[in-house]
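Take a look at the structure below.
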Amino acid sequence: MKNSRRLKRMERAHRNKAPGLNLTSLMDVFTILVLYLLVNQSSVQVVEPPKEVVLPDSVAEAKPRETLVVMVSENLITIAGEPLMSVEDVLEAGVEKDTPLKDKLQTIKDSALGLNEEAIAKNSEVTIMAHQKVPFNVLKTLMSVCTSVGYTKISLAVNQKASQG
Numbered sequence: 001m002k003n004s005r006r007l008k009r010m011e012r013a014h015r016n017k018a019p020g021l022n023l024t025s026l027m028d029v030f031t032i033l034v035l036y037l038l039v040n041q042s043s044v045q046v047v048e049p050p051k052e053v054v055l056p057d058s059v060a061e062a063k064p065r066e067t068l069v070v071m072v073s074e075n076l077i078t079i080a081g082e083p084l085m086s087v088e089d090v091l092e093a094g095v096e097k098d099t100p101l102k103d104k105l106q107t108i109k110d111s112a113l114g115l116n117e118e119a120i121a122k123n124s125e126v127t128i129m130a131h132q133k134v135p136f137n138v139l140k141t142l143m144s145v146c147t148s149v150g151y152t153k154i155s156l157a158v159n160q161k162a163s164q165g
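The letter at position 3 of the sequence shown is residue 3 when you use this note's numbering, and the numbering goes up by one with no holes.
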């Protein structure tokens with residue numbers, strides 16, 4: 001009889017007990033979720049031009065990739081924040097002469113040696129972020145210089161506007 005009373009009492013005690021929520025597991029799941037979202041959110045790159053560079057508008061739909069950015073303001077060309085030459089000097093020098101611009105592009109291109117094929121392919125891309133008032137002759141010469149150094153994929157940065165259709 002004692003056994004049955006004891007069993008009934010234990011049964012009643014366990015019947016009224018609600019299952020608990022394991023907060024440690026829940027916090028682990030949310031931490032992993034937050035880290036995952038932070039990593040994936042930061043992988044999208046938006047190229048922000050400085051205030052002195054006003055980009056032209058376009059209906060382009062391709063998203064920008066992370067590449068080497070050559071910035072062309074109305075009178076100065078910079079790579080990685082380092083001013084290299086004026087726009088007039090690029091037109092005068094052309095493609096054939098060794099210029100600080102060509103030397104810097106070659107140095108950056110050579111720094112990819114010894115990397116895997118994916119990194120080398122990525123290193124053959126360049127984005128030219130030019131002010132909308134820069135003459136096309138300057139852009140054409142700049143693209144020729146990039147091609148002569150070995151940058152085979154050249155993109156022009158633009159402001160994306162809504163397509164009309």
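Every residue, glycine too, gets a C-beta built ideally from N, C-alpha and C. Please read these numbers as outputs of a predicted model, since none were measured by experiment.
In the structure shown, valine 34 adopts helical secondary structure according to DSSP, grouped into three states.
A distance below 6 Å between beta-carbons, with the five flanking residues on each side excluded, links lysine 109 to the following residues of its chain, in chain order: Val149, Gly150.
Three or more Cβ pairs closer than 8 Å define a contact, and the segment 65–73 meets that threshold against the segment 127–136.
Rounded to the nearest angstrom, the gap between the Cα atoms of leucine 142 and isoleucine 79 is 12 Å. Counting C-beta atoms within 10 angstroms of its own C-beta, threonine 99 has 16 or more neighbours from the protein chains shown and is therefore classed as buried. Following the DSSP letters along the chain, one finds lysine 140 inside the alpha helix (DSSP H) bounded by residues 136–149. In this structure, the straight-line span from the alpha carbon of asparagine 40 to that of glutamate 74 is close to 35 Å.
The shortest CA-to-CA distance from lysine 102 to any of Ser144, Phe136, Ile32, Gly20 is the one to Ser144.
The C-beta distance from lysine 153 to serine 111 rounds to 17 Å, too long to meet the 8 Å contact threshold.
In this model, asparagine 22 and phenylalanine 30 are separated by some 13 Å (Cα to Cα). Taking the Cα of glutamate 88 as reference, the smallest distance to any Cα among Cys146, Leu139, Met10, Asp28 is reached at Leu139. With contacts defined by Cβ atoms closer than 8 Å, leucine 91 and lysine 104 do not form a contacting pair. Going by C-alpha positions, leucine 76 is about 22 Å away from glutamate 66.
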